[in-house]
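The letter at position 260 of the sequence shown is residue 260 when you use my numbering, and the numbering goes up by one with no holes.
Even for Gly, the Cβ is constructed at its ideal location relative to N, Cα and C.
First up is the structure itself, then whatever we jot down about it.
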Amino acid sequence: DWHSAGMWLYGLQKDACSVPDALRAKVEQITAGMSSDKQKIKALYEYLRQNTRYVSIQLGIGGLSPFPAEMVMKSGFGDCKALSVYMQALLAAAGIHSEYLIVNTGRRNLMKDFYSVGQMDHAMLCVPMQKDTLWIECTNPRLPLGYRHDNIAGHQVVLVTEDGGKMVRVRPYADSLSRSVESVEVTLNADGSAHCEGSRYLSLDEAEAYVGFEALSEKTKFNAIMGANSLNPSGFRIVSVEDNFDSWVSMSDGEEYVPETTIRYSFDAVNYAKVSGDRIFLNLNPFAKQVHSERKARVNDYVRSRELSIKDVVTVVLPAGYEVEAIPATAVISTQFGTLETEISQEDGKIHVVQTLTMNPGRFAAEEYEVYRTFAKDVSKAYSARIVLKKKD
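Dropping the structure here:
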């Protein structure tokens, strides 16, 4: 059972957690003057981030038994087991109790009645707090502390304790907390070029890839923001980046921490619209992320584990002397797989487009995949529908 499996694993790693005197002195230096455990945990997590790196080591029993904390302290690297044990030693030196755990990052549920550590692929830590449990990702400490990332939220894990293994489930987030909202104001010119001012709001797992965004190369930033559309932008720049990635320490006990970031950007596009005579043709929403589907029929069921919500808001400022000749109708595309709602309005020389895509969670039979492909095609058509502007007489 998991109790005995955990007892065996504990025997492999208990001696690795011993705290060397040099490490204890370092912890005392780092946490000097700090009164709360949250402050100490945050400071030690930051120390882990700055002084260690991940290296996968799975030789012999090394695939299950972690390197000692002292070895990680000297070398500056380790795998998920070694880094978790190292963080456990740091916390222990600060008088904070933590539990080592193992988890399968690919499956939420472990195989029933199959008590094998071989089905696990990752090790982490957790710290029992007054009103909740803090789950600590030691392999990737750039992730915000206090955040249950997408590979563990809702998953069953096994705590490896002195009293044996204990299966628990990491508390999942509500699907409604995961959001992506793109808002762009387009100032269109008569020659089809445009200046665009945009913002991208992301929360929960949608924000994961944007942790440390400001430190990325300019090319990587450009690809992250502009890589999904067909425009040919120039003069691209990041205007501002705001996030709450360091706010866990200031939150009250029991308050739910949800990572959020807003990135504001601007660029010019020479090919935003096509001009033909006295008419301008432009896509309804060139910023939308397309819904992809496989070309072949499926053999296995189609499964989506959680709801996905993506909202695009596009405001187009019309060039002087032009008016709307044709505009797509407001519509709703709805199937068992998801819904796309399109709202279009006009006001004071502007066109406002709001499109909200919601993908439903569930298990869908392979025979229904053709319905999904039709839905994906209809969504793509709705995103690329045309607005026609005509020069006034």
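- Excluding five sequence positions before and after W135, the CB atoms of its chain that fall closer than 7 Å to its own CB belong to M124, C126, R148, I152 and V170, given in chain order.
- I280 is bridged by DSSP to V275 and L389.
- L357 and G154 have their C-alpha atoms roughly 24 Å apart.
- Non-local beta-carbon contacts of E242 in its own chain, meaning distances under 6 Å to residues more than five positions away in sequence, involve T262 in chain order.
- Under the 8 Å Cβ criterion, the segment 314-325 does not count as touching the segment 357-371, having fewer than three qualifying pairs.
- Excluding five sequence positions before and after D378, the CB atoms of its chain that fall closer than 6 Å to its own CB belong to I333, given in chain order.
- The segment 197-213 and the segment 269-281 do not touch, with fewer than 3 CB-CB distances between them shorter than 8 Å.
- Per DSSP, reduced to three states, the secondary structure at G63 is helical.
- By the neighbour-count definition (other C-beta atoms within 10 Å, threshold 16), I61 is an exposed residue.
- Per DSSP, W2 has no beta-bridge partner at all.
- For Y86 against V103, the beta-carbon gap comes to about 18 Å, at or over 8 Å, which does not count as contact.
- By a beta-carbon distance limit of 8 Å, F77 does not contact A16. Their separation comes to about 15 Å.
- If the five residues before and after Y10 are omitted, its C-beta is found closer than 7 Å to the C-beta atoms of V160, T161 and E162, all from its own chain and listed in chain order.
- Taking a 10 Å sphere around the C-beta of F375, we find 16 or more other C-beta atoms and assign the residue as buried.
- Judged by DSSP in its simplified three-state form, Y322 adopts strand.
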